[in-house]
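Q: Below you will find the structure I want to go over with you.
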Amino acid sequence: MIESQNPDIDVSLLNQKIEEALAKQTPVVRGATVVAAETPESAARLAKLDSLEALVADANINAQGPQRWPQKLDRFPFVLAKGGGAFALRLYRFLLKKQTVVNLAFVRSLQEVIRLLRQSTYLEVELREAGDRLSLELQAERAQREQLSTELQAERSQREQLSTELQAAQSQRSQLEQRLQALEAQVLQKSQLRDGQQQHYEAERQQLALERHAAQTRLIALEQQVQGWDRQFPALQQQSQTVSQMLLQLKEQSLQGDRFYKESFTQQQRLLTLLFEQASAPTGEAVTESSTSQGLLQESQRSQLDPFYAAFEDHFRGERSEIMKRLEVYLPCLEKQKTRALELPAIDLGCGRGEWLSLLNQEGYQSIGVDLNQAMVDRCRSRDIAAHHQDAIAYLKEQPNASASLVTAFHLIEHLPLATLIELLGETQRVLAPGGMAIFETPNPQNFMVGACNFYADPTHINPVFPPSAQFMMDNVGFAHTELMFVNPVMQTPFDHRDEPEWQILRSWFYGPRDYSVLGYKE
Amino acid sequence: MKPTAKPIAVVTPWFAEHLKGGAEQQAWQVATRLAQRGHPVEILTTCSGSFQDNWAKNTYKPGLTEVGNLQVRRFKVDQTDQGRFVQANTALLNVDRNSFRIGANPVAPEQSAAFRSENINSEKLLQHLRKKVDHYQAFIFLPYLYGPILNGLPLVAEKAFLQPCLHDEAYAYMPEVAQIIHAAKGLLFISEGEARLATKLYGPGILPKSVVAGAGIEAGKHFDPTLKIVNGVDLAETPYVLSLGRRDTTKNTHTLLQAYNNFRAEQPESKLQLLVAGPGDIPADWMGPGIVDLGLVSETEKEALLTHCQALFQTSKNESYSRVIMEAWFYNRPAAAHQDCLATSLAVEAAGGGWLAQTGEEWTQLFYKVEQSEPALLEKLGQAGRQYAQEHANWDNIMGRYEAALGLSSVESPSPIAEGRRGSIHQLLPGFAYGDAISNQAIRIRAHLQEQGWESEIIAVNIDPKVSHLAQPFEQFKLDERASLIYHHSIGCECTQTALEHRGPKCMVYHNITPARFFESYRPEIAALLQQGRQELGGLSGEFPLSYGDSAYNAEELEELGFPNPKVLPITIDPTRWDKPADPRTMASLQDGKTNILFVGRIAPNKCQIDLVRAFAEYQTMDRNSRLIFVGGMDTNDPYYHHLRRVIQELQLEEEILLTGKVSAAELSAYYQTATLFWSMSEHEGFCVPLVESMWFDVPILAYCSSAIPETLGEGGLMFNDKTDLTRIAALATVVAKDEALRRTILKAQRRRRPDFLPEVVLAKVDAILKQFEQCLVS
């Protein structure tokens, strides 16, 4: 359909777009028809009338007659004077005047006729149109009427249906009423029953309420009692605590007393035995210090104090286990010196309750204790600790040179006068094997509390030993190398959180190490 | 150059080298360069300093000064009623763009008059123009908006050339502006786009006197080859698309950025970046990854950016000149322009130096294209652009065009030959009427003959009183035996015999006899006449050795009837006839948004207006908002006319169809200017002048393929060869009316075809006839 002479136009694309445009067609709604539509016959007739009209118009023009002399006749032999031409014209017109009038009349009437014909054609078309319209309307009416009657039928049958349904509904309703009455009677019965039951429950409830009330009162009373007991309880607790403390103390005291009496008794027994032995034995036995009465007296005098001293130690020294713990501090020194490797015995002078010896035994050392206090020696022996009842220096003198790996004396030297002390130190040095060591522990007078006060708790103490002096003495007796060790500090002091030097000085004066030991190493 | 050559005047409201405005710069460039080429140039301007100053204040001193090689003559400004001016100006600026109507004043007449009278003005300048018009060779007025131009141009219209610097704004629609456009002797445009806009606003009548001179650019002045890094971006390493110019919604920057963001979203791995430079801020939510906002850049940076870019994208729809595109082309880089912006898209299309895009989707596609194209292809496009730019934006070429337009070239115009020296050639017509194609042709030919020195008259049997002064009545004219005769023949009449018997040199121009069958059902008597005419035609074949037809179609008929070697003399259509404002009432009433379908031609059965009415009824189902306009003589006694009226009534299209009857040239111009589509169902045309007229007014043509129509259309228009399916034809009409791409293609071909009927072309053929006559006379 498309005919394009332009090479740039894509005809297939154009056809596509035509299809798209056609798809978008929407019919145009226009107002009601104003002019009757043409039928083919009327169109033909009107066209005919148009051409007739044109002919008549032509005729009209021609009917006017010539207005001027025709050009054709301007040639010879028709050339006349100008006036002649006009005259000829006027003559012509005069002659044909009537005809002209007739012609014009014909033309006018024809025009009128054409006009009327045209009008009638239009009317005809309109009438036909109207007729068509009316018959269409009539048909539409008929169709509508039929439709209405069918609808009416439908309505009627529906109504009958509804009335039968209504009857059914009514019978149903009466049935339901009967059932309702029956139900009501039942309900009445049930409610009466319920009332009776309710009364019963009411009585029970009241009783229960009374019981509850009673229970509550009792409960309150009980509570108050308990509270009273509660109040008394701490006081009772306190009392029982006090009582148990007292009991402990009593127990302690009785134990101590027990021991004291036991040891005293043993001592007395011994003395008596000795006495009896002496008394019964012939004279001439070796005169020993202990066999002379002087010695005996001295001995008895001295040994009289032994149980006392034992009890005293118990009271003031402290628990055995505690002492052992404190003495553990020296074990590393022994390890360092490899004392055990010497495989020589360790001697503890003034072994007392045998704490150090127990410790050594635990660590695997071969050890022996020496104490002048029989009670102490007995105690050690009762613990399976080897102990001699002998004077320390005497014991040492009995030992060969370099026969011991370790010699110790805890809280001994403060009991000795200076000469004795030096002798002790000398003997110690002789007895020790090369590589051995000696430890002498004693209270530290640099702690004023110790030096000025606590030292004197033990009446057998003579005087504190000034640490540098002790060291000097050790050096003096021939130890190759000596050192001082300060032990047993006070754990909690009022000066703990004071960093200032003044407070630290005070701390060292009053709460510094309470004991020290001087260690000597033999080469 | 003769030393005493008259100066060329450049009339402009402000003039100084430092002025930054587009028009001021153009004035400076043109004046300076004309002077450089040796022409004496005088600037006629006011004492006002610049556009920003108070227009009633005189900054400069009046009088003549010399600035470089220019003479600058300043005149004092008048004290105008600035309040009224501001009112009028504000009214113009507030007119809604969508309510612009071609040929209709956008504001009240008093306001547009006030705009002209209270504008910057200098009575002294106007007096100078009046008095000294003869001292100057030519006047160049620019730009179109201001007092000295609006008031001054009409005073020297016959020597005036207007460089309007036109934009699609309310001012351009004022009748005062249309007046100077039509009055000027010549129009100078800086771009094809501006010329297209002017044609749209003022009609094709201005085309013969318009010249697209162009505006030059000076690229490479600030080029620094060492500059490779701008704002941290290494130009040589990164491939990027460049956009230069103000960044805001009026320049369509958001469309560009959105298109790039879409491209980036689909191709996150792409290396192609988008660099945007120019004044204005970019809102943060327009930005995205890969977009670099360079802000304002220096001239050197701008040139570096242009050199290394892959392509330049110009998305703005509001440009009157494609400066940045030209600059890009100077660096052999291709450019992309927006389809809807005439100035830029025409240039890109004409140069073949880039791409066009319209929708956001198309712009996104362009990013793909730039990324995927071979560098060689981009280079080739850029080179094509460079060629175009060198031709169009090169100042030397531009000034050459100015010189040609102003008539400064050294080509001597031939001195007019004294009339009557060569003899007489007359034209004989059966009927001579106002607006008739054949009559117009005869008038044109006569003017040409008289120019060539011939004595020439038009002799006619039936003369329309309106044009009785142009023709001589046949009965009274004495035809000299030795005179040459051009006989225009259609139906036989009294003059045919005279022509037959004429002894002098003669030729017959055959304008086609309508086949009788068309009139049989309507006017049998006319049918009979037509039949008779055809029969008689055969009898003329022996008497006219020289014969011409309006078209090859006509010539073929002659040949079939035995005429020896008939040739073709087309009818000439000269657009200068429309170099006047179109009828404002018609313009106002037809620009209401409806699709205007036009057919120009006498109401006659062979033109099948009734078929067109039936097809239009189908058309209305697809495009309800439309009207059909029949422009052409009608006889109320004509049966065909009655039939047509009845059919219109039947189809109830009385509201939508307009029968105008015969119209004046201004009204005809208005109908063409407002037409959306020219639709012909005619089954017989000897030439069909309205087709060519439609081509000049850029109205696409849809025609039934018959008789001489395909020949006249050439590659223009679109034809169909089957009339049975009116709905399909109507659908095709909607496509031609609405589809932008198809319209463009059709109009492009039409623009190529229409110059084939310009007087120069046709009259050259007339000259051939004259030669033949001369030979006959000699022999």
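Chains V and G supply the protein sequences, listed in that same order.
Just so we're aligned: 752 in this note's numbering is position 204 of the first sequence, and the numbers increase by one with no gaps anywhere.
Just so we're aligned: 678 in this note's numbering is position 313 of the second sequence, and the numbers increase by one with no gaps anywhere.
Glycine is no exception: its CB is placed at the ideal position from the N, C-alpha and C atoms.
Taking the beta strand (DSSP E) that Met-652 (chain G) falls in, what are its first and last residues?
A: First-last for Met-652 (chain G): undefined, no H or E at that position.
Q: With a cut-off of 9 angstroms, does the C-beta of Ser-886 (chain G) fall near any C-beta of chain V?
A: yes
Q: Measure the alpha-carbon distance for Leu-923 (chain G) versus Gly-907 (chain G) and round it to whole angstroms.
A: 11 angstroms
Q: When the Cα atoms are used, what is the spatial distance from Ser-838 (chain V) to Gln-852 (chain V)?
A: Since pLDDT at Ser-838 (chain V) reaches only 49, below the 50 mark, its modelled position is unreliable, and no value is offered.
Q: Mark Val-735 (chain V) as exposed unless 16 or more other C-beta atoms lie within 10 angstroms of its C-beta, in which case mark it buried.
A: exposed
Q: So, helix, strand or coil for Cys-1141 (chain G), using DSSP?
A: The answer is helix: DSSP assigns Cys-1141 (chain G) an H, G or I state.
Q: Among G:Phe-440, G:Ser-1045, G:Val-451 and G:Pro-946, whose alpha-carbon lies nearest the alpha-carbon of Ala-1035 (chain G)?
A: G:Pro-946
Q: Quick check on the burial criterion: 16 or more other C-beta atoms within 10 angstroms. Buried or exposed for Asp-680 (chain V)?
A: By the neighbour-count criterion, in which a residue is buried when 16 or more other Cβ atoms sit within 10 angstroms of its Cβ, Asp-680 (chain V) is exposed.
Q: Specify the secondary structure class of Ser-838 (chain V) as computed by DSSP and reduced to three states.
A: Confidence at Ser-838 (chain V) is low in this model, with a pLDDT of 49, below 50, so the placement of that residue is unreliable and no value is reported for it.
Q: Looking at C-beta atoms only, is the number of pairs between the stretch 646–656 of chain G and the stretch 675–685 of chain G that lie closer than 8 angstroms three or more?
A: no
Q: At the 9 angstroms Cβ level, is Gly-796 (chain G) part of the contact set with chain V, yes or no?
A: no
Q: List the DSSP bridge partners of Cys-860 (chain G).
A: In the DSSP output, where bridge partners are listed per residue, Cys-860 (chain G) has none listed.
Q: For the beta strand (DSSP E) holding Cys-872 (chain G), just list the boundary residues, first then last.
A: Taken as a continuous stretch (DSSP letters only), the beta strand (DSSP E) holding Cys-872 (chain G) covers 871–875.
Q: Using a Cβ-Cβ cutoff of 7 angstroms, what residues of the stretch 1094–1105 of chain G are near chain V? List them in chain order.
A: Ala-1096, Leu-1097, Thr-1099, Val-1100 and Asp-1104
Q: If contact means a Cβ-Cβ distance below 9 angstroms, which residues of the stretch 975–994 of chain G contact chain V?
A: Ala-982, Glu-983, Gln-985, Thr-986, Met-987, Asp-988 and Arg-989
Q: Establish whether the CB of Thr-1039 (chain G) and some CB of chain V are separated by less than 9 angstroms.
A: no
Q: Would Ala-1005 (chain V) and Phe-864 (chain V) qualify as a contact pair, given that the criterion is a beta-carbon distance under 9 angstroms?
A: yes
Q: Based on Cα-Cα distance, which residue from V:Lys-945, V:Val-998 and V:Ser-915 lies nearest to Ala-934 (chain V)?
A: V:Ser-915
Q: So, at 6 angstroms on beta carbons, what are the nonlocal neighbours of Ile-763 (chain G) in its own chain, with the 5 sequence-adjacent residues on each side left out?
A: Ala-578, Gly-579 and Gly-581
Q: Using a Cβ cut-off of 7 angstroms, pull out every chain C residue sitting near Thr-574 (chain V), in sequence order please.
A: This model lacks chain C altogether, as its protein chains are V and G.
Q: Nearest chain G C-beta to Ile-550 (chain V) closer than 9 angstroms, yes or no?
A: yes
Q: Using CA coordinates, which residue listed in V:Ser-953, V:Ala-940, V:Ile-566 and V:Gln-729 is at the minimum distance from Leu-908 (chain V)?
A: V:Ser-953
Q: Return the chain-ordered list of same chain residues with a C-beta closer than 6 angstroms to the C-beta of Leu-1016 (chain G), the five sequence neighbours on each side being excluded.
A: Ala-982
Q: DSSP three-state call for Asn-651 (chain V): helix, strand or coil?
A: helix
Q: Compare the Cα-Cα distances from Asp-556 (chain V) to each of G:Thr-1110, G:Val-1143, G:Leu-1135 and G:Arg-1118 and report the closest residue.
A: G:Thr-1110
Q: Considering only residues of the same chain and omitting the five flanking positions on each side of Gly-998 (chain G), which have a CB-CB separation below 6 angstroms?
A: Arg-967 and Lys-1027
Q: Between the stretch 379–398 of chain G and the stretch 427–443 of chain G, do at least 3 Cβ pairs fall closer than 8 angstroms?
A: Between the stretch 379–398 of chain G and the stretch 427–443 of chain G there are three or more C-beta pairs closer than 8 angstroms, enough to call the two in contact.
Q: Just curious, the beta strand (DSSP E) that Asn-805 (chain G) is in, first and last residue?
A: Where Asn-805 (chain G) is concerned, there is no enclosing beta strand (DSSP E), although the alpha helix (DSSP H) it sits in stretches over 802–816.
Q: Short of 6 angstroms in beta carbon distance, which residues of its chain neighbour Leu-905 (chain V), apart from the five on each side in sequence? Order them along the chain.
A: Asp-896, Cys-899, Ser-915, Gly-917 and Ile-933
Q: Report all residues from its chain with a CB closer than 7 angstroms to the CB of Pro-1012 (chain V); omit the five preceding and five following residues, and keep chain order.
A: Glu-962, Pro-991, Pro-993, Gly-999 and Phe-1003
Q: Count the other CB atoms within 10 Å of the CB of Gln-775 (chain V); is the residue buried (16 or more) or exposed (fewer)?
A: exposed
Q: Count the other CB atoms within 10 Å of the CB of Cys-872 (chain G); is the residue buried (16 or more) or exposed (fewer)?
A: buried
Q: Following the continuous beta strand (DSSP E) through Tyr-605 (chain G), name the residue where it begins and the one where it ends.
A: 605–609
Q: Taking Asp-944 (chain G) and Gly-570 (chain G) to be in contact with their CB atoms under 8 angstroms, please state how far apart those CB atoms are, rounded to whole angstroms.
A: 3 angstroms
Q: For Asp-845 (chain G), name the three-state secondary structure that DSSP assigns.
A: coil
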